[in-house]
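Enquirer: Take 1 as the starting number for the sequence shown in full-length UniProt numbering and just add one per residue.
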Amino acid sequence: MKLYYSAGSCSLAVHIVLREANVPHELANVDLWQHKTASGGDYYQANPKGTVPALEFEGGLLTEGPAITQYLADRYAPALVPANGTLERTRLHEMLNYLSSDFHKSFTPLFYLAADADASEAQRPVIAKLTYLNSVLAGGRAYILGDTFTVADAYLFVLARWCAKFKISLDAFSQFKGYMARIEARPAVKAALQAEGLEEQYAQR
Numbered sequence: 001m002k003l004y005y006s007a008g009s010c011s012l013a014v015h016i017v018l019r020e021a022n023v024p025h026e027l028a029n030v031d032l033w034q035h036k037t038a039s040g041g042d043y044y045q046a047n048p049k050g051t052v053p054a055l056e057f058e059g060g061l062l063t064e065g066p067a068i069t070q071y072l073a074d075r076y077a078p079a080l081v082p083a084n085g086t087l088e089r090t091r092l093h094e095m096l097n098y099l100s101s102d103f104h105k106s107f108t109p110l111f112y113l114a115a116d117a118d119a120s121e122a123q124r125p126v127i128a129k130l131t132y133l134n135s136v137l138a139g140g141r142a143y144i145l146g147d148t149f150t151v152a153d154a155y156l157f158v159l160a161r162w163c164a165k166f167k168i169s170l171d172a173f174s175q176f177k178g179y180m181a182r183i184e185a186r187p188a189v190k191a192a193l194q195a196e197g198l199e200e201q202y203a204q205r
């Protein structure tokens with residue numbers, strides 16, 4: 001099994017789930033600007049979408065983080081997802097869709113903002129999404145869907161970690177400091193961060 005990834009990108013969520021599920025895997029770093037693999041190959045040959053994450057396995061190629069993480073959990077680590085056909089699984093879909101279509105995309109303007117530009121307006125959508133997510137956690141939940149770590153937490157952790165890159169402090173969001181610390185303390189998360197050289201990058205202290 002091979003994971004095409006870019007260090008610190010959304011593919012980190014899949015990397016975390018691979019380690020949570022104890023699935024043997026190979027990592028293939030991708031330069032997303034040049035669309036080249038670490039070996040110099042044309043990444044479009046491996047993945048015509050040209051995006052990460054992409055998982056190469058005996059079934060072919062699977063793309064899109066929420067799809068990959070649920071496949072891995074269903075096959076190798078059922079504790080990371082609620083059972084299929086339950087309301088809880090639908091709640092997982094609901095949260096993954098929100099993270100993908102709302103929270104993840106809210107960062108897009110920040111990635112293309114000039115280094116010396118005023119970021120306050122571009123930060124506003126991210127802060128709005130953080131406010132909502134903080135309210136979800138404020139109900140006393142240890143994790144975003146309740147008391148159990150799921151694939152949604154892997155995704156949320158990666159996105160929230162980007163806030164440090166764009167100088168958005170999580171201090172104003174009362175639930176996030178403890179939440180992020182809980183996720184980062186997990187052995188699989190530590191191992192994934194170390195493997196990608198991210199122990200300090202984007203870390204909020």
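For glycine and all other residues, C-beta sits at the position ideal for the given N, C-alpha and C.
#1: If you run the structure through DSSP and keep just helix, strand and coil, what is E56?
#2: From the DSSP output, in three-state form, read off Y143 for me.
#3: N29 and A7 look like a contact to me (Cβ under 8 Å); what is the Cβ gap, rounded to whole Å?
#4: Taking just the CA atoms, how far does G178 sit from A38?
#5: Which ranges does the alpha helix (DSSP H) cover as unbroken runs of at least 4 residues, wholly within the UniProt domain "GST N-terminal" (1-80), from first to last along the chain?
#6: Which of helix, strand or coil does DSSP assign to K167?
#7: To the nearest angstrom, how far is the alpha carbon of R19 from that of A83?
#8: Under the three-state reduction of DSSP, which class applies to G178: helix, strand or coil?
#9: Would you call the stretch 132-151 and the stretch 172-189 touching, i.e. three or more CB-CB distances under 8 Å?
#10: Counting only C-beta atoms, is T150 closer than 9 Å to chain D at any point?
#11: Give every residue of the same chain whose Cβ lies closer than 8 Å to the Cβ of V126, excluding the five residues on either side of it in the sequence, and list them in chain order.
#12: Going by DSSP in three states, L198 sits in which element: helix, strand or coil?
#13: When you compare only the Cα positions, how much space is there between L61 and Q194?
#14: How big is the Cα-Cα spacing for A117 and Q123?
#15: Over the uninterrupted alpha helix (DSSP H) stretch that includes Y98, give me the two end residues.
#16: Check D102 in the structure and name its three-state DSSP category.
#17: Kindly indicate which three-state DSSP category D153 falls into: helix, strand or coil?
#18: For L96, which of Q45, T131, E64, P187 has the nearest alpha-carbon?
#19: Are there 16 or more other CB atoms within 10 angstroms of the CB of R161, so buried, or fewer, so exposed?
#20: With a Cβ-Cβ cutoff of 9 Å, do Y5 and Y43 count as a contact?
#21: Taking all protein chains shown into account, decide if L32 is buried (16 or more other Cβ within 10 angstroms of its Cβ) or exposed.
Expert: So, from the data block:
#1: In the structure shown, E56 sits in a strand (DSSP, three-state: E or B).
#2: In this structure, DSSP gives Y143 an extended state, which the three-state scheme calls strand.
#3: 7 Å between Cβ atoms; contact.
#4: For A38 and G178, the distance between alpha carbons rounds to 36 Å.
#5: Those alpha helix (DSSP H) runs which fall completely within the UniProt domain "GST N-terminal" (1-80) and span 4+ residues are 11-20, 43-46, 65-76.
#6: DSSP places K167 in coil when its eight states are reduced to three.
#7: Cα to Cα, R19 sits roughly 20 Å from A83.
#8: DSSP places G178 in helix when its eight states are reduced to three.
#9: In this structure the stretch 132-151 touches the stretch 172-189; the number of beta carbon pairs closer than 8 Å is three or more.
#10: In the displayed structure, chain D is absent; only one protein chain is listed.
#11: Short of 8 Å from the beta carbon of V126, and not among the five residues preceding or following it, lie these beta carbons of its own chain, in chain order: F103, S106, F107, L110, C163, F166, I168.
#12: Coil.
#13: Between L61 and Q194, the alpha-carbon positions lie close to 26 Å from each other.
#14: The alpha-carbon atoms of A117 and Q123 are separated by roughly 12 Å.
#15: Following the DSSP letters along the chain, one finds Y98 inside the alpha helix (DSSP H) bounded by residues 87-98.
#16: DSSP places D102 in the helix class (H, G or I) of the three-state scheme.
#17: In the structure shown, D153 adopts helical secondary structure according to DSSP, grouped into three states.
#18: Comparing Cα positions, the closest option is E64.
#19: Result: buried.
#20: It is not a contact, given that the beta carbons lie outside the stated cut-off.
#21: Counting Cβ neighbours within 10 Å, L32 comes out exposed, since fewer than 16 surround it.
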